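Asker: The following block contains the structure, expressed as structure tokens.
Chains as they are written, first to last, in our numbering: chain A, 45 to 540; chain B, 45 to 540.
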């Protein structure tokens with residue numbers, strides 16, 4: 045199959061059926077699941093420079109950036125293996141029976157998370173490894189016990205095929221059914237059809253998507269149209285506003301310009317957490333900041349974008365932004381077709397009131413500086429921010445009151461709020477939230493990064509008055525796995 | 045407003061705006077929220093027999109049943125008050141900074157659940173107190189910090205108004221803004237309009253619904269059509285299958301018939317966990333079971349249903365079921381217009397293959413006995429069960445193999461699996477799951493009963509490198525609330 049341009053309908057069907065058949069084995073084999081994740085990590089690492097070369101050729105991303113992404117992906121797979129082995133992630137909760145309770149006995153209740161079934165994964169073009177074939181969605185779904193069918197990405201098919209081979213080998217080595225993982229090529233005319241058939245297949249229980257707003261909302265609508273709707277977890281990117289409060293701007297104008305320029309420019313701006321809107325209060329600090337960031341942009345080299353179609357989409361968006369009344373180009377980097385230069389645009393706060401499209405994401409190397417009259421005007425802007433993955437506030441002591449008000453507003457519309465740092469760079473850590481209100485995602489309660497990503501592929505199931513023999517090990521009275529469980533309200537590893 | 049038949053569009057708008065204005069105060073005032081819940085519990089209890097008389101008159105439910113429901117509602121409100129005061133429900137997670145990590149410093153990450161904003165609540169007709177004005181959805185939303193706007197139920201408006209007055213008083217006594225809670229009357233011609241305006245109002249952040257499949261799916265579609273879609277948590281009822289394995293049936297035929305008849309007949313069968321399908325293997329046990337349950341049905345008295353329109357819907361469903369090839373009426377209780385008698389129907393497993401509607405819920409006093417050839421045929425039936433809130437297995441030692449296989453299948457399609465007990469009766473406990481796959485609910489990861497119900501109205505928010513002054517108390521370094529937090533993977537109440 046890796047040589048084909050796109051899977052046939054029969055191949056899509058076969059992969060989904062095989063995934064359904066593999067589900068019980070994967071669900072019930074904790075140790076083997078952990079072995080698959082570790083095996084995939086080993087396999088990915090063993091691909092070495094060859095994988096990076098393929099990915100660089102297909103995506104235009106720089107080798108060091110891809111190496112870092114590969115290392116992150118390997119680490120993610122290992123983190124999930126550790127979580128599966130440790131076992132407490134199932135959120136086991138036990139309420140003991142109270143035989144003497146009146147007016148009626150209280151039963152014994154035992155709950156834990158259980159996997160939903162086969163998951164369809166749609167990876168992103170901008171993170172071919174971390175959000176690709178064996179990226180966060182695949183790793184978290186396999187960790188939870190869900191077989192995975194990946195829709196291969198047409199912009200990096202060879203990267204995907206190389207990674208898929210490593211995952212398949214890990215599945216085989218762990219003695220699990222091959223149906224537990226498949227990647228379906230999906231380039232050419234059948235690109236959308238493969239995705240559509242996958243989402244509509246009765247064996248598919250959930251969908252993970254990382255990509256554009258249009259793609260995510262279309263898949264969510266498609267999944268909702270099924271006779272039995274299934275959840276779609278779509279991470280769709282966002283505008284990621286940055287607020288430079290007057291004190292911080294006055295003190296650190298130049299260094300803030302350097303940090304923000306690096307964040308905007310990195311990977312040709314093709315990051316879902318790229319700062320898209322930078323709000324700053326008029327004054328000497330703002331002028332120095334603008335001068336510095338403009339100089340950095342002008343001195344910057346153009347970069348390859350992921351694909352011509354992404355560059356076209358970026359240029360279309362930029363044209364729309366530039367056409368808005370009040371918007372001007374403050375600086376642009378050196379041009380060099382077909383490479384893309386980085387652009388710094390400017391507008392007044394009032395312009396954003398007039399032109400709603402200025403609040404939307406520009407996926408590529410650009411940022412819009414928004415000049416506000418004062419900190420109060422910045423708060424007014426913050427209250428209009430659409431749901432975002434991340435936001436950042438730069439503040440020093442004299443900004444305290446505005447920083448506090450901003451924090452309160454932004455915590456209501458973002459998944460992650462960064463203080464005195466840029467929005468790019470998402471830690472693989474348990475407290476990380478990579479999610480946020482619509483339109484950043486369609487499921488604001490979820491996170492696509494970190495251990496909580498596993499929970500997306502599960503639902504809680506309660507067993508009432510079950511004998512030990514009919515309980516999964518996680519819920520049995522002796523607690524044979526020694527996991528942390530909430531027993532009558534108290535977290536403990538004791539028998540119960 | 046309580047005297048009006050239905051709120052006007054202006055009143056709907058005013059209630060939603062007031063809820064939005066009250067949100068920050070409710071969100072930030074932990075102790076006051078707990079006081080509101082306790083105050084509402086006190087107020088509900090203080091209404092005494094007067095409330096039960098009103099509810100009995102409006103719903104036809106018996107006073108002892110309503111008294112038990114009232115006590116459960118009071119208990120639920122107090123449980124949520126306790127959870128709010130204790131504070132650990134926010135699932136605080138902290139990953140400490142690692143300044144020396146290479147290639148880059150790891151930031152300090154702090155995450156907790158935060159409330160979404162105003163919630164619209166649509167209560168159920170069958171639990172006018174436990175799933176009404178101050179029922180589980182309202183209590184869990186207020187506990188989470190979300191203002192609530194209830195669409196009053198047209199089948200028990202006076203019950204709703206009496207309860208709403210108690211909640212309003214509790215809000216006032218706690219010093220919170222009145223907008224934190226409102227109930228909008230919604231009877232007559234504007235019943236649907238009030239609901240529609242509520243779900244589409246920009247200030248509404250989430251919707252809770254308990255009721256019919258048609259109602260729940262319509263609200264979910266409506267909410268998805270908003271410019272900014274919001275989550276709908278719809279609990280829509282289910283068929284709740286019961287499996288009587290051969291050994292248990294042979295040994296306990298008569299007592300099983302008594303327990304199941306009581307479960308089917310209670311509250312005129314108007315419970316979302318009523319056993320709708322009872323599977324049993326042919327044989328002497330099945331014959332004794334059938335004789336006994338038939339005799340109990342014939343000796344039973346007819347009961348008032350909640351409203352003429354619910355009885356009409358039940359009779360329509362029964363007519364459809366009876367029209368299916370193979371279905372027969374095995375027994376019916378004494379008739380007594382306009383009361384409704386209890387019906388026991390029978391069919392062969394093969395009949396359910398032929399007529400899909402037999403798998404759907406009948407909301408009222410009926411059950412369909414499904415005769416299977418043997419335990420294997422029962423497993424075959426189990427694999428076809430649509431998503432259900434609950435299921436039950438009755439088994440004894442010789443049934444062990446079948447019970448194990450059934451448990452595995454049913455855990456994949458229900459929220460709660462009861463062993464050797466009936467499906468009705470849902471404990472307010474932390475391990476309870478009152479939820480399940482579609483069509484039982486539209487959000488299989490959630491539960492409408494128990495502490496986890498609060499999580500529905502929240503989303504996780506992460507703050508990165510935040511100074512203590514910009515963190516909520518739950519995440520501050522000294523842990524001023526002394527709550528349990530997951531710090532670098534370990535649950536602790538220590539500072540971090």
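We treat Cβ as the ideally placed atom computed from N, Cα and C, and that holds for glycine.
Since the structure is predicted, the reported quantities are computational estimates derived from the model, not experimental observations.
If you reduce the DSSP assignment to three classes, tell me which class residue 506/A lands in.
Answerer: Along the first chain, read from residue 1 onward, the residue named residue 506/A stands at position 462. If DSSP states are grouped into helix, strand and coil, residue 506/A belongs with the strands.
Asker: Where does the unbroken beta strand (DSSP E) through residue 157/A begin, and where does it stop?
Answerer: The sequence position of residue 157/A within the first chain is 113, counting from 1. Start and end: 153 to 159.
Asker: What does residue 474/B reach in chain A if we use C-beta pairs closer than 7 Å?
Answerer: By one-based count along the second chain, residue 474/B stands at place 430. Here the neighbours are 137, 139, 530 and 533.
Asker: When the cut-off is 8 Å and only beta carbons count, does residue 46/B lie next to chain A?
Answerer: As a working mapping, residue 46/B is identified with position 2 in the second chain. With a pLDDT of 44 at residue 46/B, under the threshold of 50, the modelled position of that residue is not reliable, and the figure given next carries that caveat. Residue 46/B does not count as touching chain A.
Asker: Give a yes or no on whether the minimum CB-CB distance between residue 418/B and chain D is below 8 Å.
Answerer: No chain D appears in the structure shown, which is made up of the protein chains A and B.
Asker: Measuring alpha carbon to alpha carbon, tell me which residue in 431/B, 202/B and 457/B is nearest residue 50/B.
Answerer: Numbered from 1 along the second chain, position 6 holds the residue referred to as residue 50/B. The shortest C-alpha separation from residue 50/B is found at 202/B.
Asker: Can you name, in chain order, every residue of its own chain whose Cβ lies under 7 Å from the Cβ of residue 69/B, other than the five neighbours on each side?
Answerer: As a first step, residue 69/B is located in the second chain; it is residue number 25 there, counting from the start. The answer, listed in chain order, is 220 and 221.
Asker: Return the first residue and the last residue of the beta strand (DSSP E) that residue 415/A is part of.
Answerer: Position 371 of the first chain holds residue 415/A. Unbroken beta strand (DSSP E) run through residue 415/A: 410 to 416.
Asker: List the endpoints of the continuous alpha helix (DSSP H) containing residue 5/B.
Answerer: Past the edges of chain B, shown from 45 to 540, lies residue 5/B, and the structure says nothing about it.
Asker: When you compare only the Cα positions, how much space is there between residue 461/A and residue 503/B?
Answerer: Position 417 of the first chain, counted from the start, is the residue given in the question as residue 461/A. Position 459 of the second chain, counted from the start, is the residue given in the question as residue 503/B. Cα-Cα distance, rounded: 14 Å.
Asker: What are the residues of the stretch 459 to 472 of chain B that lie near chain A, defined by any Cβ-Cβ distance shorter than 7 Å?
Answerer: Under the 7 Å Cβ criterion, the stretch 459 to 472 of chain B contributes 459, 460, 461, 462, 463, 464, 465 and 471.
Asker: Taking beta-carbon pairs under 8 Å, can you tell me which members of the stretch 444 to 456 of chain A lie near chain B?
Answerer: Listed by position along the chain: 444, 447, 448, 451, 452, 455 and 456.
Asker: To the nearest angstrom, how far is the alpha carbon of residue 225/A from that of residue 90/A?
Answerer: In the first chain, the residue the question calls residue 225/A occupies position 181. In the first chain, the residue the question calls residue 90/A occupies position 46. In a straight line, the C-alpha of residue 225/A is about 19 Å away from that of residue 90/A.
Asker: Under DSSP, the alpha helix (DSSP H) around residue 342/B begins and ends at which residues?
Answerer: Walking along the second chain from the start, residue 342/B turns up at place 298. 328 to 342 is the extent of the alpha helix (DSSP H) around residue 342/B.
Asker: Looking at the secondary structure, which residues open and close the alpha helix (DSSP H) in which residue 397/A lies?
Answerer: Residue numbering aside, residue 397/A sits at position 353 when the first chain is read from its first letter. Segment 393 to 398, the alpha helix (DSSP H) holding residue 397/A.
Asker: Of the residues that make up the stretch 141 to 158 of chain A, which ones have a beta carbon closer than 7 Å to any beta carbon in chain B?
Answerer: Of all residues in the stretch 141 to 158 of chain A, 150, 151, 153, 154, 155 and 158 have a Cβ within less than 7 Å of some Cβ in chain B.
Asker: Taking the continuous alpha helix (DSSP H) assigned at residue 87/B, which residues delimit it?
Answerer: Here residue 87/B is taken as the residue at index 43 of the second chain, counted from 1. Note, residue 87/B: alpha helix (DSSP H), 74 to 90.
Asker: Using a 10 Å radius around the Cβ and a threshold of 16 neighbouring Cβ atoms, would you call residue 144/B buried or exposed?
Answerer: The residue you call residue 144/B lines up with position 100 of the second chain. Residue 144/B is exposed by the Cβ-count criterion.
Asker: Taking residue 429/B as the reference, give the member of 159/A, 272/A, 171/A and 188/A with the closest Cα.
Answerer: On the second chain, position 385 is the one that residue 429/B refers to. Cα-wise, what sits closest to residue 429/B is 272/A.
Asker: Assuming residue 459/B is part of the alpha helix (DSSP H), what are its boundary residues?
Answerer: Along the second chain, one-based indexing puts residue 459/B at 415. Segment 458 to 463 is the beta strand (DSSP E) holding residue 459/B; no alpha helix (DSSP H) there.
Asker: Please classify residue 397/A as buried or exposed, where buried requires at least 16 neighbouring CB atoms within 10 angstroms.
Answerer: The count along the first chain starts at 1 and reaches residue 397/A at position 353. By the 10 Å Cβ count, residue 397/A comes out exposed.
Asker: DSSP on residue 355/B, reduced to helix/strand/coil?
Answerer: What you label residue 355/B is simply residue 311 of the second chain in a count that begins at 1. Helix.
Asker: If you run the structure through DSSP and keep just helix, strand and coil, what is residue 279/B?
Answerer: Numbered from its first residue, the second chain carries residue 279/B at position 235. If DSSP states are grouped into helix, strand and coil, residue 279/B belongs with the strands.
Asker: CB-CB under 6 Å to residue 46/B, same chain, minus the five flanking residues each way: which ones, in chain order?
Answerer: Here the question's residue 46/B lines up with position 2 in the second chain. Bear in mind that the predicted position of residue 46/B carries a pLDDT of just 44, short of 50, making it too unreliable to give a figure here.
Asker: Tell me whether the stretch 356 to 368 of chain A and the stretch 399 to 410 of chain A touch, counting them as touching only if at least three CB pairs, one residue from each stretch, are closer than 8 Å.
Answerer: Yes: at least three Cβ pairs fall under 8 Å.
Asker: Buried or exposed: residue 265/A, going by 16 or more other Cβ atoms within 10 Å of its Cβ?
Answerer: On the first chain, residue 265/A is found 221 positions in, with the first residue counted as 1. Burial call: exposed.
Asker: Between the Cα of residue 278/A and the Cα atoms of 270/A, 180/A and 251/A, which residue gives the shortest distance?
Answerer: For this step, residue 278/A is matched to residue 234 along the first chain. Of 270/A, 180/A and 251/A, the residue nearest in Cα terms is 251/A.
Asker: So residue 184/B contacts chain A; which residues on that side make the cut at Cβ distance below 9 Å?
Answerer: Counting from one through the second chain, the residue named residue 184/B turns up at place 140. None at all; the shortest Cβ gap to chain A is about 14 Å.
Asker: Contact defined as beta carbons within less than 8 Å: I believe residue 276/B pairs with residue 187/B. What is the distance between those atoms, to the nearest angstrom?
Answerer: The residue you call residue 276/B lines up with position 232 of the second chain. The residue you call residue 187/B lines up with position 143 of the second chain. So it is not a contact: roughly 19 Å between Cβ atoms.
Asker: Below 8 Å, how does it come out for the stretch 115 to 123 of chain B and the stretch 74 to 90 of chain B: are there three or more Cβ pairs, yes or no?
Answerer: As far as the Cβ criterion goes, the stretch 115 to 123 of chain B touches the stretch 74 to 90 of chain B, which means the pair count is three or higher.
Asker: Do you know offhand how far residue 418/A's Cα is from residue 191/A's?
Answerer: Residue numbering aside, residue 418/A sits at position 374 when the first chain is read from its first letter. Residue numbering aside, residue 191/A sits at position 147 when the first chain is read from its first letter. Cα to Cα, residue 418/A sits roughly 53 Å from residue 191/A.
Asker: Sort out for me which residues DSSP pairs residue 50/A with in a bridge.
Answerer: The count along the first chain starts at 1 and reaches residue 50/A at position 6. Its beta-bridge partners are 230/A.
Asker: Where do the N-terminal and C-terminal ends of the alpha helix (DSSP H) with residue 182/A fall, by residue?
Answerer: The residue labelled residue 182/A in the question sits at position 138 within the first chain. Its alpha helix (DSSP H) spans residues 180 to 188.
Asker: Consult DSSP for residue 324/A and reduce its assignment to one of helix, strand or coil.
Answerer: Taking the first residue of the first chain as position 1, residue 324/A is located at position 280. Strand.
Asker: Start and end of the beta strand (DSSP E) containing residue 373/A?
Answerer: Indexing the first chain from 1 puts residue 373/A at position 329. Counting along the chain, the beta strand (DSSP E) containing residue 373/A begins and ends at 372 to 376.
Asker: Go ahead and pull the three-state DSSP assignment for residue 485/A.
Answerer: Taking the first chain and counting its residues from 1, the one referred to as residue 485/A is at position 441. Three-state result, residue 485/A: strand.
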